[in-house]
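Below is one structure, written out as structure tokens; the observations come after it.
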Amino acid sequence: MIFDLSGIGQSASGTERGLCRPAQTRNSMSRILLVEDDTRVSSFLEKGLKEKLFSVHPVAKGYDAIQETTTQTFDVIILDVMLPDIDGFEVCKIIRRRGITTPVLMLSALNSPEEKIQGLEAGADDYLGKPFNFLELIARIRAQIRRKEFERENNHEFVYHDLVVDPDRHQVRRGDREITLSPREFRLLLFLMQNREKVVTRAEIAEAAWDLNFDTRTNVVDVYINYLRNKIDKDFDVKFIQTIKGRGYLFEAFGDNAR
């Protein structure tokens, strides 16, 4: 047996009663990227995680995991070390180099102290050896989610994929790159970040960023959107600002192949 599945299917009245309930994202269940090539392990983990009210996105290869982290947002990445294309250590190094700060919990039958150190030094936040107890895995996932939420709340930062906006310091960075914005551009970006993944109209943008009623004869919103695109989207594979014809703009991550 690779891990203890005794926690799957238990209600809160069972052995899990003392554990914290799963942290939730703003509008949905916490999202887990599950990177595991063993179909049996993956299917059992997916089933168990869904029972514990997580949204699970499974992939079987390292490069697929890297691609998913550039086009979607996750609350935790569960990453197996032994994968068919590249190992989990390399996957973790690559996503960290790209500025992705999502908590990574590594799973592996490689349990020596040296291998655990290798995983943590590659950028993992936690390392759980196989075999493991399923309820311990859940507790570790929830701990990572709580820690990340605490950091964000106390830093007063808006984080979306590799884009970080700090309203207190008036700073913007994408990955390792610092981005300089004018006060108006910063206000516009902050509004889009606060309303990410939903369409906002030009009138809503004008009211938020300029404190004015939108004049349909002016293209000032489009001009500033273009300024912002050139600074936060240009030269990046993943873009954020999309034009929704006849409606306005959508701030949501998408890759070149989705344009």
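Residue numbering for the sequence shown follows the UniProt record's numbering, starting at 1 and increasing by one per position.
Note that beta-carbon positions come from the ideal geometry of N, C-alpha and C, so glycine has one too.
Ranked by how close their Cα comes to the Cα of Leu228, the residues Glu197, Leu192, Thr218 and Ala203 have Leu192 in first place. Closest in C-alpha terms to Thr180, from the list Asn230, Glu252, Thr218 and Thr39, comes Asn230. The continuous alpha helix (DSSP H) containing Val41 extends over residues Thr39 to Glu51.
Lys148 and Arg184 have their C-alpha atoms roughly 29 Å apart.
Counting of Cβ neighbours within 10 angstroms places Gln194 among the exposed residues, the total staying below 16. With contacts defined as CB atoms closer than 9 Å, Asp75 and Leu105 fail to qualify as a contacting pair. For Ala65, the enclosing alpha helix (DSSP H) stretches over residues Gly62 to Thr71.
With a minimum length of 4 residues, the unbroken runs of alpha helix (DSSP H) contained wholly in the segment 175-239 fall at 183-194, 202-210 and 220-232.
Across the set Ser30, Thr70 and Asp235, the C-alpha of Ser30 shows the shortest separation from the C-alpha of Leu53.
Distance from the Cα of Asp85 is smallest, within the candidate group Glu252, Thr101, Lys61 and Glu36, for Lys61. Residue nearest to Val223 within the set Leu188, His170 and Glu178 is Leu188 (criterion: CA-CA distance).
Residue range Gly248 to Phe254 is occupied by the beta strand (DSSP E) that includes Gly248. Judged by beta-carbon spacing, Ile138 lies beyond the 9 Å limit of Leu79, meaning their Cβ atoms are not closer than that value. Proximity to Phe134 across Gly119, Lys116 and Leu107 peaks at Leu107, based on C-alpha coordinates. Excluding sequence positions up to five before and after Lys116, its CB lies within less than 6 Å of the CB of Tyr127, all in the same chain and listed in chain order. Straight across, the Cα-Cα distance linking Asn226 with Asn111 is about 50 Å. A straight-line Cα-Cα distance of about 29 Å links Arg97 and Tyr249.
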